[in-house]
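Number of protein chains: 2
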Amino acid sequence: MWRKNFIDISPYTAGEQPKSDDIIKLNANESPYPPSPSVERLLKERDFSLRLYPSMDSAPLRKAAAERLGNANGVSLSYENIFIGNGSDDVLAAAFRAFFNSDKPILFPDVTYSFYPVWCALLKIPCRTPEVDESFNIIASDYYPENGGVVIANPNAPTSIGRDKEFIVDILEHNRDCVVIVDEAYVDFGCYSAVELTKKYENLLVTQTFSKSRAMAGMRIGMAIGSPELISVLGAVKDSYNSYPLDRVQIEAGVAAIEDEEYFRNIVSKVIATRERAAKELRALGFEMPDSSTNFLFVKHKSLDAKEIFEFLRQKGIFVRYWDKPKIGDRLRITIGTDEQTDKLIAALKELIL
Amino acid sequence: MWRKNFIDISPYTAGEQPKSDDIIKLNANESPYPPSPSVERLLKERDFSLRLYPSMDSAPLRKAAAERLGNANGVSLSYENIFIGNGSDDVLAAAFRAFFNSDKPILFPDVTYSFYPVWCALLKIPCRTPEVDESFNIIASDYYPENGGVVIANPNAPTSIGRDKEFIVDILEHNRDCVVIVDEAYVDFGCYSAVELTKKYENLLVTQTFSKSRAMAGMRIGMAIGSPELISVLGAVKDSYNSYPLDRVQIEAGVAAIEDEEYFRNIVSKVIATRERAAKELRALGFEMPDSSTNFLFVKHKSLDAKEIFEFLRQKGIFVRYWDKPKIGDRLRITIGTDEQTDKLIAALKELIL
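Residue numbers (this note's numbering), protein chains in the order written: chain A, 122 to 475; chain B, 122 to 475.
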């Protein structure tokens, strides 16, 4: 009887987090490298005054991010253009709630980040999911019809495909009457970033994360970049739900990571170089895949079953991601690890295939 | 035009967070003492592997909390009885969403934590707010009528009044058909805890926080204690919104804090001793207040205006909390600081009053 008012929901399922230290973990798109040494130094040296509440709006991190993203994208950004949340899931959930209050469906591709439909279900947002084409490309014209909002992951996951400025502008030009979210979780691995477009399109919200290119999945920092108007509505949503989503350590660690641009560029370059080598070697073993703009590869073997490869690698202590789902059930998502981990992956696959 | 789908909300307003280090900050119910030294040691010494995602469900912290709360309350609790969130605001927001899906109004007092009506507005939960009596006591029979759920802060804030087991059981016995939340943010400062009752009443959810008695407001850790069924619904809500609300540092810091029971008892005792002295001295200066079961006092002066005292203290660099609101506009909420801070507070008030 007292159970009658329980919520009715279907949660998101994240990648498996195996407990052993022995394994090669290429299943969650984590960085193979640690965060900037300045983050570790900060933890060791700083007195965080943990007895006190943190900054309510993560102000120091908003300022640092505005400066860095402004420089990187050749535009002028300030504090008012940045929203900070507890990982980009927290940021995206707040954005769905803030901006998608229409009776018309929001639009996102049928193959994309699988948290989008979960938020729609939770927040009772109607949605429609146009199909990607047979090469997993999103078709811009599918996003022309009237709608309640648009969400495009660029690069898209799990397909790894990044699209250019022309594609994003096309979507924006055809969607002036709703908010368009471009989810750039993987953008730093070599894809066009729409951050510059937030200056022209006041209805564009770009989201990014510290979990991938900044190697801080364990620290939970995400951000949104957009017009001051969008950012202030996000702030109001935060203040209606959880006043202090980031703690004092997260805020300062985020600033330290952002300030070490050189280290950031260095680990991103290493991941990209390893990715290009891994793609080449996997293709030589009979895998096909789209060119990746991310820190993972979305592969299909010409003859072997994806689940079979997944099970084989798992038993060798190499974890990759497999989904028993339509359209992607013949594919694996393999995170780019270190060069050494990549050598082990290739050696294991050779054992299976050759 | 694109703004038409924005959410329409009225956010919660937290206490002012003045930037200066010079002030005496008695306005946010923070601890005057730092967290357990083992938390600081942990930060300095541990490699947190920040490149990796944290435990999705904060498992180590759930286990540590279950053991400690079981011991402290004389019941057997396990992992399945504990939910962990990003501060108790995050926990309470998840609980409102999880359990309050009725057309009937939920009930909470008119004078209580002012985030409750904000969550109701955000989540479109109907609510009714029975009045506390002229001594700020909650009247149990107001919570007998049919409803969609009940929320009682015990001790209540900002009144500081703690109620006994009989009162809580009375509410529970009259509410078998809905979820009852007892918000115990301040319980460790000398109030009856309903944790033991979660074994008998499967529809009871108790929430607690690390921000007050554990001196970790800057670390954002909250928890809920309840039947495995309630806890698993909370977990599903979390997994439909933000998979990883706690980072790797928070989880381990939480465990370290819980394991230092001696330090915890020590700082709580100090706060209680200072509170009793402060209450006595303030009463001697013409203030009246309920007996406090919290780390703050809810005071009214027999002749001076609350706002006037607030402004006077502020100009002396002593920040307390004042609300320009009906029923509590003649009162101040003063957090218990160190003995030295209390001396300065009393000295400043003497200057104003004598």
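Cβ coordinates follow ideal geometry from the N, Cα and C atoms, glycine included. Predicted model only: the values in this text are computed from it and were never measured.
Can you name, in chain order, every residue of its own chain whose Cβ lies under 8 Å from the Cβ of residue i, other than the five neighbours on each side?
i, result
"D451 of chain B", "K421, D426, A427"
"A242 of chain A", "I130, S131"
Closer than 6 Å by C-beta to residue i: which residues in its own chain qualify, once you throw out the five before and the five after it? Chain order, please.
i, result
"Y133 of chain B", "F236, V239"
"L228 of chain A", "R249, Y264, N268, V271"
"I296 of chain B", "The amino acid occupying residue 296 of chain B in the given sequence is Asn; Ile does not appear at that position. V271, listed in sequence order."
"D381 of chain B", "S157, S159"
"R341 of chain B", "N207, G208"
"R496 of chain B", "Only positions 122 to 475 of chain B appear in this structure, which leaves residue 496 of chain B out of reach."
Should residue i be counted as a contact of the ligand PLP given a C-beta to heavy atom distance under 7 Å?
i, result
"I430 of chain A", "The ligand content of the structure shown is nil, which means the ligand PLP is not present either."
If the cut is a Cβ gap below 8 Å, which residues of chain B does residue i touch?
i, result
"R269 of chain A", "In the sequence as displayed, the identity of residue 269 of chain A is Gly instead of Arg. What G269 of chain A touches in chain B: N126."
"R172 of chain A", "E151, S152, P153, Y154, P155, P156, A336, M337, A338, G339"
"A219 of chain A", "F127, I128"
"K428 of chain A", "Simply none; closest approach about 24 Å."
With distance defined between alpha-carbon atoms, name the residue in the options nearest to residue i.
i, options, result
"P279 of chain B", "B:Q436, B:A149, B:F408", "B:A149"
"F331 of chain B", "B:A180, B:S414, B:Q371", "B:Q371"
"S152 of chain A", "A:V389, A:K446, A:S414, A:G438", "A:V389"
"V160 of chain A", "B:R398, B:D224, B:F169", "B:F169"
"I273 of chain A", "A:S314, A:A242, A:E429", "A:S314"
"F127 of chain A", "B:D142, B:D285, B:D298, B:M122", "B:D298"
"N277 of chain A", "A:A306, A:V301, A:D254, A:D291", "A:A306"
"G458 of chain A", "A:F440, A:K471, A:F204", "A:F440"
"E350 of chain B", "B:A135, B:A216, B:A469, B:Q138", "B:A216"
"D360 of chain A", "B:W123, B:R124, B:M122, B:I130", "B:I130"
"K333 of chain A", "A:T415, A:K448, A:N222, A:K225", "A:T415"
"K125 of chain B", "A:F431, A:F221, A:R435", "A:F221"
"E429 of chain A", "A:R172, A:P139, A:I474", "A:I474"
"K391 of chain B", "B:F433, B:S256, B:E461, B:P447", "B:E461"
"G311 of chain A", "A:S223, A:R386, A:Y322", "A:R386"
"L511 of chain A", "A:G375, A:K448, A:A394", "With chain A covering 122 to 475 only, the question about residue 511 of chain A has no answer from this structure."
"K245 of chain A", "A:D224, A:D254, A:E287, A:S256", "A:D224"
"P266 of chain B", "B:P226, B:D254, B:V253", "B:P226"
"E472 of chain A", "A:Y322, A:D254, A:F433", "A:F433"
"D445 of chain A", "A:E188, A:G136, A:W123", "A:G136"
Residues of chain B with a CB under 7 Å from the CB of residue i: which are they?
i, result
"W123 of chain A", "R297, D298, C299, V300, N324"
"K320 of chain A", "Within chain B, no residue comes near K320 of chain A; the closest Cβ sits about 16 Å away, beyond 7 Å."
"F257 of chain A", "Going along chain B, no residue has its Cβ under 7 Å from F257 of chain A, so there is no contact; the nearest lies around 24 Å."
"V239 of chain A", "S361"
What does residue i touch in chain B if you count any residue whose Cβ is under 9 Å from its own?
i, result
"S177 of chain A", "Checking the sequence, you will find Met at residue 177 of chain A rather than Ser. Ordered by position in chain B, the residues that pass the 9 Å Cβ test against M177 of chain A are A135, Q138."
"V480 of chain A", "Residue 480 of chain A cannot be examined here, being either before or after the span of chain A that is shown, 122 to 475."
If the criterion is Cβ atoms closer than 8 Å, does the pair residue i and residue j meet it?
i, j, result
"L190 of chain A", "L182 of chain A", "no"
"D231 of chain B", "P247 of chain B", "no"
"D304 of chain A", "Y234 of chain A", "yes"
"L418 of chain A", "R396 of chain A", "yes"
"E201 of chain A", "I346 of chain A", "no"
"Y174 of chain A", "A338 of chain B", "yes"
"P156 of chain A", "A378 of chain A", "yes"
"E402 of chain A", "I467 of chain A", "yes"
"R398 of chain B", "T463 of chain B", "yes"
"R284 of chain B", "I259 of chain B", "yes"
"W423 of chain B", "G407 of chain B", "One point to set straight first is that residue 423 of chain B is Lys, not Trp, in the sequence displayed. Against a cut-off of 8 Å, the Cβ pair of G407 of chain B and K423 of chain B comes out as a contact."
"S348 of chain A", "T319 of chain A", "yes"
"I282 of chain A", "F257 of chain A", "yes"
"K465 of chain B", "I144 of chain B", "no"
What in chain A is Cβ-close to residue i, meaning under 7 Å?
i, result
"N207 of chain B", "N207, N363, P366"
"S223 of chain B", "N126"
Short of 7 Å in beta carbon distance, which residues of its chain neighbour residue i, apart from the five on each side in sequence? Order them along the chain.
i, result
"S176 of chain A", "I372"
"D211 of chain A", "G343, P366"
"F431 of chain A", "V441, Y443, L453"
"L171 of chain A", "R369"
"I449 of chain B", "V232, P279"
Against residue i, what residues of chain A qualify as contacts under a CB-to-CB distance less than 9 Å, listed in chain order?
i, result
"V216 of chain B", "Val is not the amino acid found at residue 216 of chain B; the sequence shown has Ala there. Within 9 Å Cβ-Cβ: nothing; A216 of chain B doesn't reach chain A, min ~10 Å."
"F169 of chain B", "E161, L164, G339, M340"
Who are the neighbours of residue i on chain A, taking C-beta pairs under 8 Å?
i, result
"R369 of chain B", "G339, M340"
"D210 of chain B", "Y362, N363, S364, Y365"
"R353 of chain B", "Here residue 353 of chain B is Ser; the residue named in the question, Arg, does not match the sequence. By Cβ distance, chain A contributes nothing, its closest Cβ being about 10 Å from S353 of chain B, past 8 Å."
With residue i and residue j assumed to form a contact (beta carbons below 8 Å), what rounded beta-carbon distance in angstroms separates them?
i, j, result
"A180 of chain B", "V358 of chain B", "Wrong, their Cβ atoms sit about 18 Å apart, outside the cutoff."
"N363 of chain A", "G208 of chain B", "6 Å"
"M344 of chain A", "I205 of chain A", "5 Å"
"V196 of chain A", "E317 of chain A", "5 Å"
"N324 of chain B", "V300 of chain B", "5 Å"
"R435 of chain B", "R454 of chain B", "Contact flag wrong, Cβ pair sits at about 14 Å."
"A186 of chain A", "I203 of chain A", "5 Å"
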